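Just so we're aligned, residue 86 is where the sequence shown starts under the numbering used here, counting upward by one. Scroll down for the structure; my scribbles are underneath it.
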Amino acid sequence: MATIELEVDEAYQDIVEFLASAVPTLPLTRIRRLVAHGCAEVDGRRVDHRCVPRPGQRVVLTLPDTPFVRYEPRAMDLEVLHEDAHVLAINKPPGLSVLPGPGTLEATLINGLLHHVQNASPWPSARIHIVHRLDKDTTGVLLVAKDLATARHLSGCFGGRRVKKLYLALVRGEVASEEGEIDLTIAATSTRGRMRLAAGGAGGAALRRRKGRPAHSRYRVVERFRGFTLVEVQPLTGRQHQVRLHMLGIGHPLAVDPLYGGRDALYLSEIKPGYRRKADRPEPPLMARLTLHASHVELALADGSPLAVDAPLPDDFERLLRALRKYAAKR
């Protein structure tokens, strides 16, 4: 258990607004949850979301079972897709968590984001606010707010399903329909970080709902290969691991997905007819991470102006697709 001790420096609308400003690396949704669960105290008294802290008061926020880390800026090579005074959008690289998990001490994306907005941005900012996340091995568009008002708006957009998100996913098998919809309930499991489909049946047939949260996605086929399909998926709800589980639910798991697909890499020998492995060394993988990329995010900003951001595929994904086009093209 960790605690954060803070002093109120100016007037704020409520305790949530103060905490979001004072600890910008905590997502707003988590701050609201902590306050609702009685984890915030002002001058030794437990408070709820209605509390309006006054300058000079002492606030203590308790983070159950979570070590609190003060993030330090760290230079990283970030691909900036869009930036203005309020919003930063980057093409998240693979192999980098947005925020550290329990026990994680290695640098994460937030260290690089802080360095950028404080040292390299044309619109510098002292703080950033995480409003959504991507899995560690998922690449693509990641939006970050640079002030509290923008964070509130963007969090509302993501939470209120007012964001259009598109993913490119390479899946195993040849998807039969050119397009379709998936309506499969998703539930948590007793294993940390793992979700499950909470419905019976297979192949998208009529399914019985069980305990879990409804989840809805649309997909369309982008390109077909022997044994694989590149699909574009639009999650209409925002469940954890939704794209991965929904494609698994219709019989087409990601080509590489150790958690749900049972495969931790994709090799040239799987797609090139007559491929011969070299006896003196192991075969290098074409791709050894999730075959999933957040390609597009679109929403309306607080002033009503539209924001649409596209992220090009990373090099490893492009190399994989070139190999598929060369050795596994559909004739």
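The beta carbon of each residue, even a glycine, is placed where N, CA and C say it ideally should be. Note that the structure is a prediction, hence the values are computed from the model and not measured.
Closer than 6 Å by C-beta to A373: which residues in its own chain qualify, once you throw out the five before and the five after it? Chain order, please. What you label residue 373 is simply residue 288 of the sequence shown in a count that begins at 1. Once the five neighbours on either side are set aside, the close Cβ partners of A373 are A350.
Buried or exposed for V165, please, with buried defined as at least 16 other CB atoms from any protein chain shown within 10 angstroms of its CB. Taking the sequence shown and counting its residues from 1, one reaches residue 165 at position 80. Exposed, because fewer than 16 other Cβ atoms sit within 10 Å of the Cβ of V165.
Which residue wins for smallest C-alpha separation from L173, given the options H217, R117 and D133? The residue given as residue 173 occupies position 88 in the sequence shown. That would be H217, whose Cα lies nearest to the Cα of L173.
Coil, strand or helix - H171 by DSSP: The residue you call residue 171 lines up with position 86 of the sequence shown. H171: coil per DSSP, three-state reduction.
For L371, which residues in the same chain have their Cβ closer than 7 Å to its Cβ, ignoring the five residues on either side in sequence? As a first step, residue 371 is located in the sequence shown; it is residue number 286 there, counting from the start. Result list for L371: L351, Y352, L353, R404, L405 and A408, in chain order.
Considering H238, what are the terminal residues of the alpha helix (DSSP H) in which it resides? As a first step, residue 238 must be located in the sequence shown, where it is residue number 153. Run containing H238: L233 to G244, per the alpha helix (DSSP H) assignment.
L148 lies in the beta strand (DSSP E); which residues open and close that run? Locating residue 148 in the sequence shown gives position 63, where the first residue counts as 1. Its beta strand (DSSP E) spans residues R143 to L148.
Would a check of beta-carbon distances place H134 closer than 8 Å to chain B? Here chain B cannot be found, since the structure has a single protein chain.
Taking only the alpha-carbon atoms, compute the straight-line gap between I89 and V307 and give it to the nearest angstrom. On the sequence shown, residue 89 is found 4 positions in, with the first residue counted as 1. On the sequence shown, residue 307 is found 222 positions in, with the first residue counted as 1. Distance between the alpha carbons of I89 and V307: 48 Å.
Mind checking which residues open and close the alpha helix (DSSP H) that includes Q327? Translated into positions along the sequence shown, residue 327 becomes position 242. Where Q327 is concerned, the enclosing alpha helix (DSSP H) stretches over Q327 to G334.
Range of the contiguous alpha helix (DSSP H) that encloses H200: Within the sequence shown, the letter at position 115 stands for residue 200. Segment L194 to H200, the alpha helix (DSSP H) holding H200.
Report the option in L219, D220 and I175 whose CA atom is closest to the CA atom of V202. For this step, residue 202 is matched to residue 117 along the sequence shown. Ranking L219, D220 and I175 by Cα distance to V202 puts I175 first.
List the whole-angstrom C-beta distance separating P338 from P179, where the pair is believed to meet the contact cut-off of C-beta under 8 Å. If you number the sequence shown from 1, residue 338 lands on position 253. If you number the sequence shown from 1, residue 179 lands on position 94. With a Cβ gap of about 18 Å, P338 and P179 do not count as contacting.
Tell me where the beta strand (DSSP E) around Y252 begins and ends. Mapped onto the sequence shown, residue 252 falls at position 167. That run of the beta strand (DSSP E) goes K249 to R257.
Beta-carbon contacts of E264 that lie in its chain and below 8 Å, excluding the five residues immediately before and after: Numbered from 1 along the sequence shown, position 179 holds the residue referred to as residue 264. Counting only Cβ-Cβ distances below 8 Å, and skipping sequence neighbours, we find R303, Y304, R305 and V306.
Check E264 in the structure and name its three-state DSSP category. Translated into positions along the sequence shown, residue 264 becomes position 179. If DSSP states are grouped into helix, strand and coil, E264 belongs with the strands.
Nearest to T270 by alpha carbon, out of T276, A261, I116 and M280? In the sequence shown, residue 270 corresponds to position 185, counting from 1. Cα-wise, what sits closest to T270 is M280.
Taking 8 Å as the cut-off, does the region 377-384 touch the region 354-364 (at least 3 CB pairs, one atom from each stretch)? no
Identify the residues that DSSP records as bridge partners of M280: which are they? On the sequence shown, residue 280 is found 195 positions in, with the first residue counted as 1. A273.
What does the Cβ neighbour count give for Q327, buried or exposed, with the cut at 16 atoms within 10 Å? The count along the sequence shown starts at 1 and reaches residue 327 at position 242. Buried, since its Cβ has 16 or more Cβ neighbours within 10 Å.
Assign H207 to buried or exposed, taking buried as 16 or more other Cβ atoms, counted over all protein chains shown, within 10 Å of its Cβ. Counting from 1 along the sequence shown, the entry for residue 207 is found at position 122. Looking at the sequence provided, one finds Pro at residue 207 rather than His. Exposed.
Apply the 10 Å Cβ neighbour rule to N204 and answer buried if 16 or more other Cβ atoms are within range, or exposed otherwise. As a working mapping, residue 204 is identified with position 119 in the sequence shown. Counting the other Cβ atoms within 10 Å of the Cβ of N204 gives fewer than 16, which makes it exposed.
Helix, strand or coil, according to DSSP, for D342 in the structure here? Within the sequence shown, residue 342 is the residue found at index 257, counting from 1. DSSP places D342 in strand when its eight states are reduced to three.
Alpha carbon to alpha carbon, how far is F310 from R118? Within the sequence shown, numbered from 1, the residue matching residue 310 stands at position 225. Within the sequence shown, numbered from 1, the residue matching residue 118 stands at position 33. Across the structure, F310 and R118 are spaced so that their CA atoms are roughly 45 Å apart.
Taking the alpha-carbon of G241 as reference, which of I356, V101, L113 and T224 has the nearest alpha-carbon? Within the sequence shown, residue 241 is the residue found at index 156, counting from 1. Closest by alpha carbon: L113.
Helix, strand or coil, according to DSSP, for S354 in the structure here? Numbered from its first residue, the sequence shown carries residue 354 at position 269. Residue state, collapsed to three classes: helix.
How big is the Cα-Cα spacing for A385 and I356? Working through the sequence shown from its first residue, we reach residue 385 at position 300. Working through the sequence shown from its first residue, we reach residue 356 at position 271. So the alpha carbons of these two residues sit roughly 42 Å apart.
Compute the Euclidean distance between the alpha carbons of A192 and L111, then round it to the nearest angstrom. For the purposes of this step, residue 192 is identified with residue 107 of the sequence shown, where counting begins at 1. For the purposes of this step, residue 111 is identified with residue 26 of the sequence shown, where counting begins at 1. Spanning the two alpha carbons is a distance of roughly 16 Å.
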